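Worksheet: one structure, shown below.
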Amino acid sequence: MSITPLPTPSNLEELPRHPMPTMYDLPSENPEEPGLPDDFHSLQAILLLLTFQPFNWDPEMVYSQIDHNIYYDLNHPLWYKRPDWFGVVGVPRLYQGRDSRLSYVMWQENVSPLIVVELLSPGTEDEDLGRRKSAPGKPPTKWQVYEQILRVPYYVIFSRYTEELQVFRLVRNRYQMVALTREPLQIPEIQLSLGLWRGRYLGRNQLWLRWMTESGDLIAPATDEATEALLSEEKADFLRRLRAAEQEKAAAEREKAVAEREKAEAQQRAAAAEREKAEAQQRAAAAEREKAEAQQQLEQLKALLQERGINPDRQT
Numbered sequence: 018m019s020i021t022p023l024p025t026p027s028n029l030e031e032l033p034r035h036p037m038p039t040m041y042d043l044p045s046e047n048p049e050e051p052g053l054p055d056d057f058h059s060l061q062a063i064l065l066l067l068t069f070q071p072f073n074w075d076p077e078m079v080y081s082q083i084d085h086n087i088y089y090d091l092n093h094p095l096w097y098k099r100p101d102w103f104g105v106v107g108v109p110r111l112y113q114g115r116d117s118r119l120s121y122v123m124w125q126e127n128v129s130p131l132i133v134v135e136l137l138s139p140g141t142e143d144e145d146l147g148r149r150k151s152a153p154g155k156p157p158t159k160w161q162v163y164e165q166i167l168r169v170p171y172y173v174i175f176s177r178y179t180e181e182l183q184v185f186r187l188v189r190n191r192y193q194m195v196a197l198t199r200e201p202l203q204i205p206e207i208q209l210s211l212g213l214w215r216g217r218y219l220g221r222n223q224l225w226l227r228w229m230t231e232s233g234d235l236i237a238p239a240t241d242e243a244t245e246a247l248l249s250e251e252k253a254d255f256l257r258r259l260r261a262a263e264q265e266k267a268a269a270e271r272e273k274a275v276a277e278r279e280k281a282e283a284q285q286r287a288a289a290a291e292r293e294k295a296e297a298q299q300r301a302a303a304a305e306r307e308k309a310e311a312q313q314q315l316e317q318l319k320a321l322l323q324e325r326g327i328n329p330d331r332q333t
């Protein structure tokens with residue numbers, strides 16, 4: 018088994034450096050975005066992260082991350098995509114060899130991900146599968162970014178709801194679907210394969226997307242203090258998002274209750290106003306009837322007086 022030598026300036030594509038925002042200047046999170054939608058997304062992404070161990074690359078030149086911003090457009094430095102998981106080879110594991118990355122900034126890294134994985138959830142299918150088109154002047158879709166801008170060689174989509182795995186390979190700058198069999202997908206660039214495995218991981222027995230050897234053997238998740246810290250951090254992050262979602266749901270329910278109460282009160286006021294209007298109309302109609310009856314009685318009295326030779330209009 019051979020180990021690919023560390024990339025050097027002579028064998029990596031050189032692109033010009035730009036005095037543009039670094040990862041320290043760009044936001045690593047958007048508070049308005051929900052993040053990973055459930056614990057499966059977190060666990061599946063962690064499993065991919067811990068088993069992404071390319072045999073032909075020095076571990077110090079392998080980087081992968083979960084739910085992480087990728088900034089891709091120098092002309093629009095705040096535009097980004099946030100894959101559920103992605104893996105890169107040929108970049109230092111640490112940013113500039115010394116720091117954890119807050120985000121992945123293409124105009125600094127100059128190396129696109131080798132593979133991106135999106136985990137389908139309700140409402141994301143059109144975006145993830147390239148069915149939606151972006152409006153002019155708006156950020157491109159994930160599909161457009163992965164295929165046409167980053168040119169990610171492998172785009173993998175997995176749905177735990179249908180247990181369907183879809184893989185797209187970049188061929189002549191366009192994604193083509195790979196016809197999958199029961200065998201894992203071979204990725205020769207990293208001497209690994211990627212396939213589905215049904216089993217128990219972190220207490221959950223279900224179908225998982227797993228990194229494997231080229232012969233199909235499972236790769237055991239890396240275990241060390243950093244891994245334990247990562248799992249604890251991801252769990253804490255998920256619980257934080259879950260609490261935030263519950264708080265937002267409770268706030269929305271309170272707002273809904275207030276709105277419904279105000280609507281009911283407005284309807285009650287409207288009904289009371291309608292009743293008052295109807296009663297006023299009834300009183301007006303009764304007054305008109307009384308007036309008509311009084312006029313009729315007056316006319317009858319005048320007629321009676323005239324029959325008796327008395328002029329009712331004569332003043333005395």
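So the number in the working numbering is just where the residue sits in the sequence shown, counting from 1, plus 17.
In this text, a Cβ means the ideal position worked out from N, Cα and C, and glycines have one as well.
Small disclaimer: the values here were computed from a predicted structure and weren't measured.
- A straight-line Cα-Cα distance of about 7 Å links residue 96 and residue 90.
- Residue 98 is bridged by DSSP to 87.
- Counted as a single uninterrupted DSSP element, the stretch harbouring residue 123 is not any beta strand (DSSP E) but the alpha helix (DSSP H) occupying residues 123-126.
- Between the alpha carbons of residue 192 and residue 270 lies a distance of about 43 Å.
- Per DSSP, the continuous beta strand (DSSP E) segment holding residue 176 begins and ends at 171-176.
- With respect to the 8 Å criterion, residue 159 and residue 144 are classified as neighbours on the basis of their beta carbons.
- Here the alpha carbons of residue 295 and residue 282 stand approximately 20 Å from one another.
- Sequence-distant partners of residue 176 (beyond 5 residues in either direction) whose C-beta falls short of 6 Å from its own C-beta, in its chain, are 137.
- For residue 37, the secondary structure class from DSSP, reduced to helix, strand or coil, is coil.
- Per DSSP, reduced to three states, the secondary structure at residue 116 is strand.
- For residue 63, the enclosing alpha helix (DSSP H) has its first and last residue at 56-68.
- Residue 59 and residue 278 have their alpha carbons spaced roughly 39 Å apart.
- Nearest in C-alpha terms to residue 78, of all of 98, 115, 62, 92, is 115.
- Rounded to whole angstroms, the Cβ separation of residue 109 and residue 169 is 19 Å, and the two are not in contact under 8 Å.
- Residue 265 is classed as exposed because its beta carbon has fewer than 16 other beta carbons within 10 Å across all chains shown.
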